[in-house]
Amino acid sequence: MTAGYKCPVCGYPGLTELPRTNEGGGSYEICWSCGFEFGVTDDDRGYTYDEWRAMWVERGMPWDSGSLHPKPEGWDPQGQLADL
Numbered sequence: 002m003t004a005g006y007k008c009p010v011c012g013y014p015g016l017t018e019l020p021r022t023n024e025g026g027g028s029y030e031i032c033w034s035c036g037f038e039f040g041v042t043d044d045d046r047g048y049t050y051d052e053w054r055a056m057w058v059e060r061g062m063p064w065d066s067g068s069l070h071p072k073p074e075g076w077d078p079q080g081q082l083a084d085l
């Protein structure tokens with residue numbers, strides 16, 4: 002995995018764009034780890050980062066991309082959260 006921008010929801014360091022544009026809009030990128038889509042999950046559906054994070058943790062912190070983007074070897078969701 003190439004390091005990129007960090008997801009402010011789960012701490013995953015693989016986003017290819019900043020979650021929010023300089024103008025404040027969402028990037029529409031979906032975090033492969035927690036499934037949050039910036040500009041949709043928050044702006045359109047009304048979830049805060051904290052709310053989505055709590056739901057993701059409650060579900061057991063699953064890798065949200067399934068086979069579309071396979072889970073990186075050694076992926077550590079607890080470690081990601083600790084880096085927030």
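Using my numbering, the first residue of the sequence shown is number 2, and each one after it goes up by one. Glycine is no exception: its CB is placed at the ideal position from the N, C-alpha and C atoms.
Alpha helix (DSSP H) segment containing residue i, residue limits
i: M56; result: Y50 to E59
i: G80; result: P78 to A83
For residue i, three-class secondary structure by DSSP
i: L16; result: strand
i: E38; result: strand
i: R90; result: Beyond the ends of the chain as shown, which are 2 and 85, falls residue 90; an answer cannot be given.
i: V29; result: At residue 29 the sequence reads Tyr, which differs from the Val that was named. Reduced to three states, the DSSP call for Y29 is coil.
Beta-carbon spacing of residue i, residue j below 8 Å
i: W57; j: C11; result: yes
i: P71; j: S34; result: no
i: G27; j: D43; result: yes
i: Y6; j: L16; result: yes
Task: Segment contact, 8 Å Cβ cut-off, at least three pairs: the segment 71 to 84 with the segment 43 to 52 - done: Between the segment 71 to 84 and the segment 43 to 52 there are fewer than three C-beta pairs closer than 8 Å, too few to call the two in contact.
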